[in-house]
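Here's the structure we're looking at; comments come further down.
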Amino acid sequence: MHLLTFKILLMQLPYLICEGIDEPWVEAVHRWWYNDDKKLCFWPPRIKDSSKLRGFVENGYKPDSDWIGYPAKIRKAYETYEKATGKIKRAIKNSEDLLETTDT
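With mature numbering (1 follows the signal peptide of the UniProt record, and there is no 0) applied, the sequence shown covers -18 to -1, 1 to 86.
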């Protein structure tokens, strides 16, 4: 697949699995939480309630100015939050399995 075509397809899928670069973490986030130019994944501060956090991700809540950016890379992109969260364990297990295809 041509790189430009691949990037356009990737941009259309709203949910990402991102992996921390400086710290060991893997998480499903909304595309708006990832800044491609800066290679940062933004995270809301002070959210301890997992259901509230899930709502933020699923509803595509846009980052506020007080959100913290963490160095990260995209592992995969998915159509739905459920598909993304369903692949987190696989992403953790296969740390070298970087983004090759989407929504699989």
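Here a beta-carbon is modelled for each residue, glycine too, at the ideal position from N, C-alpha and C.
From a predicted model like this one, the values you see are computed outputs, not experimental measurements.
Closest Cα partner of residue i within the set the options
i, options, result
"W15", "D31, R28, P53", "P53"
"K20", "A10, K65, Y60, I3", "I3"
"R28", "W7, H12, I50", "I50"
"K75", "L(-6), Q(-7), E1", "E1"
Bridge-paired residues (DSSP) for residue i
i, result
"P45", "In the DSSP output, where bridge partners are listed per residue, P45 has none listed."
"I56", "C(-1)"
"G68", "According to DSSP, which records beta bridges pairwise, G68 is partnered with nothing at all."
Beta carbon of residue i nearer than 8 Å to that of residue j
i, j, result
"A10", "V39", "yes"
"Y43", "Y(-4)", "no"
"K71", "I(-2)", "no"
"F24", "P45", "yes"
Residue i in three-state terms, based on DSSP
i, result
"L35", "helix"
"E40", "helix"
"E82", "Confidence at E82 is low in this model, with a pLDDT of 47, below 50, so its placement is unreliable and the value that follows should be read with caution. E82: coil per DSSP, three-state reduction."
"I74", "helix"
Residue range of the beta strand (DSSP E) that includes residue i
i, result
"E5", "Segment: none, E5 is in no beta strand (DSSP E) and carries neither H nor E."
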